[in-house]
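As numbered in the numbering used here, the sequence shown has no gaps in its residue numbers, which increase by one up to the final residue, 197. Note sheet for the following structure.
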Amino acid sequence: MGRNILVLNGSPRMNGNTAALVEQFTKGAEQAGHRVVRYDLQRMQIHPCLGCCQGGKDPQSPCVQKDDMLKIYPDYREADLVVLASPLYYWTVSGQLKCAFDRLFAVAECNADYENPKKESVLLMAAEGSGFEESLYWYDRLMDHLGWTDRGKVLCGGVFQAGDIRGNSKLEDAYQLGLRI
Numbered sequence: 017m018g019r020n021i022l023v024l025n026g027s028p029r030m031n032g033n034t035a036a037l038v039e040q041f042t043k044g045a046e047q048a049g050h051r052v053v054r055y056d057l058q059r060m061q062i063h064p065c066l067g068c069c070q071g072g073k074d075p076q077s078p079c080v081q082k083d084d085m086l087k088i089y090p091d092y093r094e095a096d097l098v099v100l101a102s103p104l105y106y107w108t109v110s111g112q113l114k115c116a117f118d119r120l121f122a123v124a125e126c127n128a129d130y131e132n133p134k135k136e137s138v139l140l141m142a143a144e145g146s147g148f149e150e151s152l153y154w155y156d157r158l159m160d161h162l163g164w165t166d167r168g169k170v171l172c173g174g175v176f177q178a179g180d181i182r183g184n185s186k187l188e189d190a191y192q193l194g195l196r197i
């Protein structure tokens with residue numbers, strides 16, 4: 017039986033290098049029989065978390081803010097695996113991805129103990145350079161805090177201009193990771 021996979025694509029470039037990693041991962045995952053739902057966050061109206069801790073009152077609409085996160089919440093609840101995809105911006109994930117991920121806390125607020133739903137996760141990143149250490153530190157701590165299981169990472173350095181990733185072996189790595197999930 018296929019799994020439900022949620023892709024949060026935090027790249028602002030629709031045809032960029034991160035998007036190419038997402039496409040290859042998705043191709044592999046779908047070929048393996050999984051259902052993949054992708055959200056391109058730069059096309060969505062998602063406001064930053066207010067830190068109000070007033071969410072969780074309505075599981076169907078857990079956050080007090082009513083924006084495009086309402087589209088993501090149902091797929092997040094159903095997801096077995098969440099793909100975090102982002103270019104490397106100033107040594108970490110993009111603001112688009114961080115903003116959306118912060119807002120997932122409203123789902124945890126639906127539980128009296130603020131327990132996050134248990135998921136598996138994948139990290140896909142592309143960058144001009146190769147300094148992924150800060151992003152990996154964030155991601156690994158996030159997995160520990162949430163109690164999630166990391167299923168793999170594909171980090172592709174040396175790609176800056178959209179399309180620079182063409183022919184890069186990391187595309188095959190992303191495809192193979194999707195197949196193995």
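From the three backbone atoms N, C-alpha and C, an ideal C-beta is built for every residue, glycine too.
Hey, could you find the ends of the alpha helix (DSSP H) residue i is sitting in?
i: Lys114; result: 111–119
i: Asn33; result: 33–47
i: Arg93; result: 85–94
Is residue i helix, strand or coil by DSSP?
i: Gly67; result: coil
i: Tyr153; result: helix
i: Val123; result: helix
i: Met141; result: strand
i: Arg167; result: strand
The beta strand (DSSP E) with residue i in it runs from where to where?
i: Tyr55; result: 51–56
i: Gly194; result: First-last for Gly194: 185–196, but that is the alpha helix (DSSP H), not the beta strand (DSSP E).
i: Leu22; result: 20–25
i: Ala101; result: 97–103
Using 10 angstroms around the beta-carbon of residue i, count the other beta-carbons present and answer buried if the total reaches 16, otherwise exposed.
i: Gly194; result: buried
i: Leu97; result: buried
i: Arg196; result: exposed
i: Lys82; result: exposed
i: Ala142; result: buried
i: His50; result: buried
How many whole angstroms separate the CB atoms of residue i and residue j, which I take to be in contact at a CB cut-off of 8 Å?
i: Val99; j: Leu140; result: 6 Å
i: Tyr155; j: Val123; result: That belief does not hold up - the Cβ atoms of Tyr155 and Val123 are roughly 19 Å apart, past 8 Å.
i: Gln58; j: Gln112; result: 5 Å
*Answer yes if the region 161–172 comes into contact with the region 126–144, meaning at least three C-beta pairs across the two stretches below 8 Å, and no otherwise.*
yes
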